[in-house]
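Novice: Encoded as structure tokens, here's the structure I'll be asking about.
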Amino acid sequence: MNVTKVLGKTLVASPERQLEADSDWAVVQRVQAGDVAAFDQLILKYRERLYAIIYNLTGNREDAADLAQDAFIKAFQSINRFAGHASFFTWLYRIAVNSTLGHLRKNRLRQFFSLDQLDQDDRPAAEVIAALTDVRGPERDAFVNELQEKLNEALQKLSIKHRTVLTLFEIDGLSHQEIAEIMDCSVGTVRSRLHYAKQLLQAELQPYIRR
Amino acid sequence: MSSAPERRPVTIEDLLRLKRAERPSAEFWPEWDRQLRTKQLAAILDKRPWWRDALPRLGLALGRYHLPLGATAILALTILTVREYRSVNTELSAPVATPVARVGAPSVMRDGTDTGSFAELRQPTTVARDEVEAASAEPQEISRAVSLLPTTRDSIMDAMSRPAAREIAANLAIARATDPALARILKSAAGYELSAPRVQVEEPLARVAALHDTRQGRLQVYSTNAAYAPDTNPAVSRFHDRQVSHLSEDQLYEAAAHRIGAAGDRAWLKF
């Protein structure tokens, strides 16, 4: 294992990520050796996370589905070029994010939003909604839908770079270092973009914020 | 009375957490998988352009030779630059030194009397590039003086008959007798054309001789002879040249036609 590869591995945030990266590398080596079916494991493992990140960037579930599929196909076609310098997860995310950014730039003037349903059984989400309103029944659903739309609008008002950083950090839970690797910028840039994006978002969503 | 229950604060991070709860329905994933399989098959069947595979391989292969390739490129560039620089230098120095190249021709003049050695003079005069460079390094005054000397047999004969040429020859003979260093320089300058590659040079004096046939030429010769002594002054020489060149054949005819005329019982001549 060369120095770059070791460095790439050490940049992975947590021990869990390290384990994940090692197991992914083993699967990737199998795929590179000709076991094409092994790639399905990687698809099953990452498809929801990859879809979520693209969905939160585009605000359109159809586009997100297409772009996620394209990202997996690109990764599969280029799997022999993956040398393990970074984790497979970072590499796959980079492919997906770059494809999505290209798509967003290309269709800057043509944006349609289609949102997935909010899973109200999700405990953290239910707690937030309970803190915001005490209504029940259809009124609650209407409130949730309105909140979803406002949230999506506010996100779409951010620039692509700021939206990407915010999405990767706050929604997908990646570390600053991982985001910097994916977006090919410094950790300082990631922090600064994150701070600025939160400030803008706070101004947009002021009616929903309770002190 | 009980007050309304205290609600927990909601931050921007809490609101963003709601986005994590936005998930597609359960039936979404089987459909997504089916579409992915279709796309995968299409991608496999779709022939990729050759360069998408070849270029990365080529890059990897060339990556090994980065240093030798770079060094070779730098070496080639250096050789080209040096060659270009040398050729440009030679081209620039040659025209400057050309007038000085006549140094070797009139060794006869320095002897003053030895007209028989005219046979040694080359016709047409040749110029050696290396010798020209060497000669251009000599004292400027010597170069200027020697450059005035004629180079062909006819022109030398013609020039010898002129007082200025005789004066220059006499001066050179005196200088040669009194200054051994100058004599050495003049001697080394003589006969340099024999060993050097020869380049054709047009004879300025021969060109003047050809102009004798035309009216313009005669005028030039007249003006040159009339002021031969000051001709050594380059400013005066240039003035004469300009004067003559401005008078074309047509202009001379037109001038004459306007000055002489006849009508009825009259004839006139204008001055």
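If you read the protein sequences in the order shown, they are chains H and W.
Going by the working numbering, the first sequence opens with residue 1, and the numbers climb by one from there.
Going by the working numbering, the second sequence opens with residue 1, and the numbers climb by one from there.
Quick reminder that beta carbons are idealized off the backbone N, C-alpha and C, glycines included.
Could you name the residues of chain W that H/L132 contacts, counting a contact when the two beta carbons are closer than 7 Å?
Specialist: In chain order: V10.
Novice: Bridge partners of W/W268, per DSSP?
Specialist: Looking at the DSSP assignment, W/W268 forms a beta bridge with W/G261.
Novice: For the segment 176 to 210 of chain H, enumerate the residues whose C-beta is nearer than 7 Å to any C-beta of chain W, in chain order.
Specialist: For the segment 176 to 210 of chain H, which is checked against every Cβ of chain W, the residues closer than 7 Å are K198, L201, Q202, L205, Y208, I209, R210.
Novice: Could you give the C-beta distance for H/V190 and W/D14, rounded to a whole number, given that I count them as a contact under 8 Å?
Specialist: So it is not a contact: roughly 22 Å between Cβ atoms.
Novice: Here's the rule I'm using: 16 or more other beta-carbon atoms within 10 Å means buried, otherwise exposed. How should W/W268 be labelled?
Specialist: Exposed, since its Cβ has fewer than 16 Cβ neighbours within 10 Å.
Novice: In angstroms, rounded to a whole number, what distance separates the CA positions of H/D70 and W/R17?
Specialist: Each residue's Cα considered, the two are about 27 Å apart.
Novice: Look at the Cβ atom of H/F113, then the Cβ atom of H/N80, and state whether they are nearer than 8 Å.
Specialist: Going by C-beta atoms, H/F113 is not nearer than 8 Å to H/N80.
Novice: Let me make sure I understand the geometry here. Which of H/L200, H/R30, H/Q177, H/D40 has the alpha-carbon closest to that of W/D33?
Specialist: Cα-wise, what sits closest to W/D33 is H/D40.
Novice: Which of the residues in the segment 11 to 25 of chain W, read from start to end, lie with their CB under 8 Å from any CB of chain H?
Specialist: So the list reads T11, I12, E13, D14, L15, L16, R17, L18, K19, R20, A21, E22, R23, P24, S25, given in the order they occur along the chain.
Novice: Between the C-alpha atoms of H/V187 and H/E181, what's the straight-line distance to the nearest angstrom?
Specialist: Cα to Cα, the separation comes out at about 9 Å.
Novice: Are the Cβ atoms of H/D122 and W/A21 separated by less than 8 Å?
Specialist: Yes, these two residues count as a Cβ contact at 8 Å.
Novice: Counting only C-beta atoms, is H/V27 closer than 8 Å to chain W at any point?
Specialist: Not one chain W Cβ lies under 8 Å of H/V27.
Novice: Using a Cβ cut-off of 8 Å, pull out every chain H residue sitting near W/P56, in sequence order please.
Specialist: By Cβ distance, chain H contributes R81.
Novice: Please report the Cβ distance between H/L158 and H/A197, rounded to the nearest whole angstrom; I am assuming they are in contact, meaning their Cβ atoms lie under 8 Å.
Specialist: Going by Cβ atoms, the distance from H/L158 to H/A197 rounds to 5 Å, so yes, they are a contact pair.
Novice: Going by DSSP in three states, W/L62 sits in which element: helix, strand or coil?
Specialist: Three-state result, W/L62: helix.
Novice: For the alpha helix (DSSP H) holding H/F88, just list the boundary residues, first then last.
Specialist: Unbroken alpha helix (DSSP H) run through H/F88: 88 to 106.
Novice: One question on the structure: do H/R140 and H/K161 come within less than 8 Å of each other, judged by their Cβ atoms?
Specialist: Cβ atoms of H/R140 and H/K161: not closer than 8 Å.
Novice: Quick one: what's got a C-beta closer than 7 Å to H/I179's C-beta in the same chain, skipping five residues either side?
Specialist: Closer than 7 Å at the Cβ level, and outside the excluded window around H/I179, lie V165, L168, F169, V190.
Novice: Let me know the secondary structure DSSP gives H/R210 once reduced to three states.
Specialist: It is a strand residue.
Novice: Closest to H/L19 by CA distance: which of H/D35, H/F76, H/S87 is it?
Specialist: Looking at the Cα atoms, H/S87 is the closest of the given residues.
Novice: Considering only their Cβ atoms, is the gap separating H/Y93 from H/A68 smaller than 8 Å?
Specialist: Not closer than 8 Å, so no.
Novice: Helix, strand or coil: how does DSSP classify W/E22 here?
Specialist: In the structure shown, W/E22 sits in a strand (DSSP, three-state: E or B).
Novice: Residues of chain W with CB closer than 7 Å to the CB of H/R61, please, in chain order.
Specialist: Neighbours of H/R61 on chain W, chain order: P24.
Novice: Which first and last residues belong to the alpha helix (DSSP H) in which H/A38 is found?
Specialist: Counting along the chain, H/A38 falls outside any alpha helix (DSSP H), and DSSP gives it neither H nor E.
Novice: Taking only beta-carbon positions, decide if W/L41 is within less than 8 Å of chain H.
Specialist: Cβ-Cβ to chain H under 8 Å: no for W/L41.
Novice: Can you name the start and end residues of the alpha helix (DSSP H) that H/N145 belongs to?
Specialist: It spans 138 to 157 - the alpha helix (DSSP H) in which H/N145 sits, taken as one unbroken run.
Novice: Using 8 Å as the limit for Cβ to Cβ distance, is H/A65 near chain W?
Specialist: Closer than 8 Å: yes.
Novice: Determine the direct distance from the alpha carbon of H/L205 to that of W/I12, and round the result to whole angstroms.
Specialist: Taking the straight line joining both Cα atoms gives about 8 Å.
Novice: Whose C-alpha, out of H/K74, H/I209, H/R47, H/H103, is nearest the C-alpha of W/R23?
Specialist: Among H/K74, H/I209, H/R47, H/H103, the Cα nearest to that of W/R23 belongs to H/R47.
Novice: Could you tell me the distance, in whole angstroms, from the CA atom of H/L115 to the CA atom of H/D134?
Specialist: Between H/L115 and H/D134, the C-alpha separation is close to 24 Å.
Novice: Residues of chain H with a CB under 9 Å from the CB of W/W32: which are they?
Specialist: The contacting residues are R47, Y51, A65, A68, Q69.
Novice: Evaluate W/K270 with the Cβ neighbour count: other Cβ atoms within 10 Å of its Cβ, from every protein chain shown; 16 or more gives buried, anything less gives exposed.
Specialist: Counting Cβ neighbours within 10 Å, W/K270 comes out exposed, since fewer than 16 surround it.
Novice: Say whether chain H places a C-beta atom closer than 8 Å to the C-beta of W/E27.
Specialist: It does not; no Cβ of chain H falls within 8 Å.
Novice: Is any beta-carbon of chain W found at less than 8 Å from that of H/E153?
Specialist: For H/E153, the answer is no, since every Cβ of chain W falls outside 8 Å of its Cβ.
Novice: Under 8 Å, Cβ to Cβ, is there at least one residue of chain H near W/L36?
Specialist: Output row for W/L36: interface = yes.
Novice: Which term fits W/T78, buried or exposed, when burial requires 16 or more other beta carbons within 10 angstroms of its beta carbon?
Specialist: Per the 10 Å Cβ criterion, exposed.
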